[in-house]
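**Student:** Under our numbering, think of the first position of the sequence shown as 236, with each following residue one higher.
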Amino acid sequence: MTTMETGDVGLDRYDASLAAGASGSLCAFNRAGLLDSADVHIAHRLAQLAGTEDDAISLGIAFAARAPRLGHVCVDLRTIRQTASRDIDLPTDLDALPWPDPAPWLDALSQSPVVGLGKPLWLAGSNLYLNRLWLDEREVAAELLGRAGGEVMEVDMALLRAGLTMLFREDDPEAEDPDHLQPLAAATAVLRRVSVIAGGPGTGKTTTVARLLGLLDQQAVALGATPPHIALAAPTGKASLRLEEAVRDEATRLGLDPGTVERLLGLRGMTLHRLLGRAGGSRTRFRHDRSNPLRHDVVVVDETSMVPLSMMARLLEALRPEARLIIVGDHEQLASVEAGAVLGDIVGPAARGLCMDLAARDRLAEATGHVVPDTEMAARSPIGDGVVVLRHVRRHGGAIAGFARAVQAGDADAALAELAAEDSNVDWLQLDPSDPATAERLDLIRDRAVESGRLVIEAAREGDAATALDALEGFRLLCAHRRGPEGVWAWTANIERWLEIEVEGFNGREGWYLGRPLIVTENDYSLDLFNGDIGVVVKGAVRPMEAAFRRGDTVLPVSTARLAAVDTVYAMTVHKSQGSQFKVVAFMLPSADSRILTRELLYTAVTRARERLILVGTEDLIRSAIERPISRASGLRQALWDEPA
236 MTTMETGDVG LDRYDASLAA GASGSLCAFN RAGLLDSADV HIAHRLAQLA
286 GTEDDAISLG IAFAARAPRL GHVCVDLRTI RQTASRDIDL PTDLDALPWP
336 DPAPWLDALS QSPVVGLGKP LWLAGSNLYL NRLWLDEREV AAELLGRAGG
386 EVMEVDMALL RAGLTMLFRE DDPEAEDPDH LQPLAAATAV LRRVSVIAGG
436 PGTGKTTTVA RLLGLLDQQA VALGATPPHI ALAAPTGKAS LRLEEAVRDE
486 ATRLGLDPGT VERLLGLRGM TLHRLLGRAG GSRTRFRHDR SNPLRHDVVV
536 VDETSMVPLS MMARLLEALR PEARLIIVGD HEQLASVEAG AVLGDIVGPA
586 ARGLCMDLAA RDRLAEATGH VVPDTEMAAR SPIGDGVVVL RHVRRHGGAI
636 AGFARAVQAG DADAALAELA AEDSNVDWLQ LDPSDPATAE RLDLIRDRAV
686 ESGRLVIEAA REGDAATALD ALEGFRLLCA HRRGPEGVWA WTANIERWLE
736 IEVEGFNGRE GWYLGRPLIV TENDYSLDLF NGDIGVVVKG AVRPMEAAFR
786 RGDTVLPVST ARLAAVDTVY AMTVHKSQGS QFKVVAFMLP SADSRILTRE
836 LLYTAVTRAR ERLILVGTED LIRSAIERPI SRASGLRQAL WDEPA
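#1: Please classify Ala-892 as buried or exposed, where buried requires at least 16 neighbouring CB atoms within 10 angstroms.
#2: Run through DSSP, which three-state label would Val-444 get?
#3: At which residues does the beta strand (DSSP E) containing Leu-712 begin and terminate?
#4: What does Pro-463 pair with, by DSSP beta-bridge criteria?
#5: Taking C-alpha atoms, which residue in Pro-348, Ala-299, Val-375 and Arg-266 lies nearest to Arg-872?
#6: Skipping 5 residues on each side, what residues in its chain have a beta carbon closer than 7 angstroms to that of His-415?
#7: Taking 7 angstroms as the cut-off, is the beta-carbon of Asp-592 closer than that to any non-hydrogen atom of the ligand HEM?
#8: CA-CA distance, Leu-578 and Ser-540?
#9: How close, in whole Å, do the beta carbons of Ile-769 and Leu-753 come, if the pair is a contact with beta carbons under 8 angstroms?
#10: Check the DSSP bridge columns for Val-772 and list the partner residues they point to.
#11: List the DSSP bridge partners of Arg-559.
#12: On the DSSP bridge assignment, give the partners of Asn-362 in chain order.
#13: So, are the CB atoms of Ala-806 and Leu-712 less than 8 angstroms apart?
#14: Starting from Thr-506, follow its DSSP beta bridges and name the residues at the other end.
#15: Is it right to say Met-392 is buried, meaning 16 or more other beta carbons lie within 10 angstroms of its own, or is it exposed?
#16: What's the gap between the Cα of Thr-423 and the Cα of Gly-621?
#17: Leu-312 to Pro-463, Cα distance in whole Å?
#18: Could you tell me whether the Cβ atoms of Arg-696 and Gly-750 are closer together than 8 angstroms?
#19: Could you round the C-beta distance between Thr-808 and Arg-717 to whole angstroms and report it? I think they count as a contact, below 8 angstroms.
#20: Going by other Cβ atoms of all chains shown within 10 Å of its Cβ, with 16 needed for buried, is Ala-433 buried or exposed?
#21: Between Asp-532 and Ala-558, which are expected to be in contact by the criterion C-beta below 8 angstroms, what is the C-beta distance as a whole number of angstroms?
#22: Is DSSP giving Ala-267 helix, strand or coil here?
#23: Could you tell me whether the stretch 784 to 800 touches the stretch 819 to 834, where touching means 3 or more Cβ pairs closer than 8 angstroms?
#24: If you measure between the beta carbons of Arg-503 and Leu-447, is that distance less than 8 angstroms?
#25: Taking the C-alpha atoms as reference points, what is the distance between Asp-877 and Pro-617?
#26: Looking only at DSSP bridge pairs, what is Phe-741 linked to?
#27: Using 8 angstroms as the Cβ pair cut-off and three pairs as the minimum, do the stretch 263 to 281 and the stretch 829 to 838 touch?
#28: Can you tell me whether Tyr-364 is buried or exposed? The criterion is at least 16 other CB atoms within 10 Å of its CB, across all chains shown.
#29: Confirm, please, whether the CB-CB distance from Leu-836 to Leu-569 is below 8 angstroms.
Spelled out as structure tokens, the structure:
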């Protein structure tokens with residue numbers, strides 16, 4: 236089982252472990268908390284195999300091994316002294332450590348027997364990679380650039396324009412899009428072999444996907460071709476199911492040809508692992524690869540921000556050369572828990588505005604009948620011709636939307652002004668979440684949690700699964716970590732204690748009980764349950780209790796005896812919440828020494844709220860988060876985009 240499937244493995248505070256027998260620089264950096272014992276052991280082993288005793292080479296190996304553990308693809312040895320503090324929680328005087336001088340350090344590694352073709356490491360400029368990650372990065376860059384720079388797709392432009400006019404009607408109140416970016420994104424995906432539809436929650440990404448799939452089906456029928464074979468995929472089962480449901484819901488209201496509607500209704504979402512097909516239970520090898528490509532004509536990948544570099548490489552090498560790839564996701568969200576920030580690197584400078592050349596703009600204008608917004612040409616790449624970032628948010632408004640925009644922009648003053656506004660849909664509780672006494676000062680959260688829990692329990696005791704599931708989506712408490720005083724485990728215990736006081740007959744220590752909220756922690760294809768699925772224990776029609784999970788407009792009942800990989804979910808990590816939304820969200824900021832106190836963590840948590848947000852944290856914590864964007868060492872953006880220095 237991969238980290239991506241298990242969820243938020245590795246997201247708790249860094250726990251430096253001391254390596255037995257470590258000496259020299261390795262010992263100093265290990266004791267300071269910058270290197271873990273595993274990093275030191277890998278460095279020792281590779282240095283022994285290479286027959287080198289050079290302290291600087293061993294230190295470089297250790298930092299290369301450390302990089303993917305912290306989400307980096309590589310380590311930039313020229314800047315690691317300045318950037319290492321972002322990756323640790325421990326107060327460390329980095330200048331007191333025995334850092335090698337970068338120039339001779341890089342020179343020594345470039346001549347080392349552990350670096351080079353067929354060797355464990357690769358050095359590109361000042362970036363040192365584990366060889367497998369270097370190969371994956373080259374694979375992703377070459378595949379994307381090759382597909383993006385290939386011939387444009389053959390389409391019936393008149394039919395495309397008519398379809399866009401019908402599907403993106405300006406008189407549709409749900410399709411408010413002042414910049415006409417949705418039809419532009421749909422047309423881009425029809426015209427190009429690689430396209431990216433990015434944007435935050437509520438900007439219409441999956442709505443656009445459903446409509447463009449209808450357009451692709453239309454085009455095939457008009458050209459006398461077989462309707463495209465489409466795959467709907469995502470990194471997690473929960474995300475793939477949401478994509479499937481969104482496409483099917485939208486298909487029923489499109490007004491397309493009945494045959495097209497029928498084909499869209501027949502689409503099923505699947506995880507990327509299931510799409511590629513594991514080979515013999517391997518974690519890294521799949522049945523579908525370059526020698527056995529996928530048969531699909533169109534592959535849609537949703538929630539791509541959660542896709543690590545290695546998985547993107549395996550997907551790209553499994554696509555047929557003529558297949559379309561449609562990448563969907565929020566590039567501002569938290570990145571994968573594994574190495575890489577692939578979606579962010581692909582979107583690159585297009586996050587600031589379109590980066591399309593004149594020919595691509597003219598073709599889009601012809602297809603959509605709208606003026607294409609001004610293009611930001613400070614950077615150039617064939618990738619840019621296919622990237623559209625949707626910006627108009629429909630789902631949440633008021634201070635939540637304003638605060639989210641300020642967080643995205645890195646403007647702490649504007650964010651705090653939104654929090655201080657009167658008649659706001661954000662309640663800001665200026666308390667320190669890491670203080671155990673804070674739990675006794677949060678009446679607002681206590682009232683919301685008890686009200687939600689009571690509604691869930693009452694409906695569950697009546698056997699009303701649909702109402703219980705609706706109530707479960709009414710409130711969710713989000714945390715950065717699982718452990719610690721502001722973590723999931725502590726807050727789950729707090730909420731269960733409150734419910735024991737307020738709800739008659741409630742006992743959270745019973746294990747299984749009516750009204751227990753559940754989160755699935757491992758995929759179980761035999762039960763049609765996926766990591767991240769949320770359900771509730773209810774009174775069954777036959778059984779005294781069973782678990783209920785939502786599947787579109789229906790409820791999936793499952794015997795509790797068959798559920799092994801589940802946890803109680805009164806509180807959950809922000810990582811686990813990605814792709815979900817709740818009516819009211821309470822978010823406990825982590826303490827200042829948490830390495831995941833970042834702009835992306837705050838943005839992801841805030842945008843889970845549809846109607847109301849309760850934010851718990853001091854002004855200093857909020858400023859620290861906003862002023863600390865995630866920085867993942869990678870060479871992918873540089874490989875994809877020609878940007879001025």
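Cβ coordinates follow ideal geometry from the N, Cα and C atoms, glycine included.
**Tutor:** The structure says:
#1: The question about residue 892 has no answer, for the chain in this structure spans 236 to 880.
#2: Looking up residue 444 in the sequence shown gives position 209. If DSSP states are grouped into helix, strand and coil, Val-444 belongs with the helices.
#3: On the sequence shown, position 477 is the one that residue 712 refers to. 710 to 714 is the extent of the beta strand (DSSP E) around Leu-712.
#4: As a first step, residue 463 is located in the sequence shown; it is residue number 228 there, counting from the start. None; Pro-463 has no bridge partner.
#5: As a first step, residue 872 is located in the sequence shown; it is residue number 637 there, counting from the start. That would be Val-375, whose Cα lies nearest to the Cα of Arg-872.
#6: Within the sequence shown, residue 415 is the residue found at index 180, counting from 1. The residues are Thr-603 and His-605.
#7: Annotation note on the ligand HEM: not contained in the displayed structure, which lists no ligands.
#8: The residue you call residue 578 lines up with position 343 of the sequence shown. The residue you call residue 540 lines up with position 305 of the sequence shown. Approximately 5 angstroms between the Cα atoms of the pair.
#9: Here residue 769 is taken as the residue at index 534 of the sequence shown, counted from 1. Here residue 753 is taken as the residue at index 518 of the sequence shown, counted from 1. Ile-769 to Leu-753, Cβ: 7 angstroms. Contact.
#10: Your numbering for residue 772 matches position 537 in the sequence shown. Paired residues: Ala-782.
#11: In the sequence shown, the residue the question calls residue 559 occupies position 324. Paired residue(s): Val-533.
#12: In the sequence shown, residue 362 corresponds to position 127, counting from 1. Asp-311 and Ala-359, per the DSSP bridge assignment.
#13: Within the sequence shown, residue 806 is the residue found at index 571, counting from 1. Within the sequence shown, residue 712 is the residue found at index 477, counting from 1. Taking 8 angstroms as the Cβ cut-off, Ala-806 and Leu-712 qualify as a contacting pair.
#14: Position 271 of the sequence shown, counted from the start, is the residue given in the question as residue 506. For Thr-506, which the question treats as bridged, DSSP gives the partners Ala-469.
#15: Taking the sequence shown and counting its residues from 1, one reaches residue 392 at position 157. Counting Cβ neighbours within 10 Å, Met-392 comes out exposed, since fewer than 16 surround it.
#16: The residue labelled residue 423 in the question sits at position 188 within the sequence shown. The residue labelled residue 621 in the question sits at position 386 within the sequence shown. Whole-angstrom Cα-Cα distance: 6 angstroms.
#17: Taking the first residue of the sequence shown as 1, we reach residue 312 at position 77. Taking the first residue of the sequence shown as 1, we reach residue 463 at position 228. Each residue's alpha carbon lies about 47 angstroms from the other.
#18: As a first step, residue 696 must be located in the sequence shown, where it is residue number 461. As a first step, residue 750 must be located in the sequence shown, where it is residue number 515. Yes, the pair counts as a contact, with Cβ atoms nearer than the cut-off.
#19: Here the question's residue 808 lines up with position 573 in the sequence shown. Here the question's residue 717 lines up with position 482 in the sequence shown. Indeed they touch by this definition, with Cβ atoms about 6 angstroms apart.
#20: Working through the sequence shown from its first residue, we reach residue 433 at position 198. Label assigned to Ala-433: buried.
#21: For this step, residue 532 is matched to residue 297 along the sequence shown. For this step, residue 558 is matched to residue 323 along the sequence shown. 6 angstroms between Cβ atoms; contact.
#22: Position 32 of the sequence shown, counted from the first residue, corresponds to residue 267. Note: Ala-267 maps to coil in three-state DSSP.
#23: no
#24: Counting from one through the sequence shown, the residue named residue 503 turns up at place 268. Counting from one through the sequence shown, the residue named residue 447 turns up at place 212. Their beta carbons are not under 8 angstroms apart, which means Arg-503 does not touch Leu-447 by this criterion.
#25: Start at 1 with the first residue of the sequence shown, and residue 877 comes out as number 642. Start at 1 with the first residue of the sequence shown, and residue 617 comes out as number 382. For Asp-877 and Pro-617, the distance between alpha carbons rounds to 10 angstroms.
#26: Looking up residue 741 in the sequence shown gives position 506. According to DSSP, which records beta bridges pairwise, Phe-741 is partnered with nothing at all.
#27: no
#28: For the purposes of this step, residue 364 is taken as the residue at position 129 of the sequence shown. With 16 or more Cβ atoms within 10 Å of its Cβ, Tyr-364 is classed as buried.
#29: For the purposes of this step, residue 569 is identified with residue 334 of the sequence shown, where counting begins at 1. For the purposes of this step, residue 836 is identified with residue 601 of the sequence shown, where counting begins at 1. It is a contact, given that the beta carbons lie within the stated cut-off.
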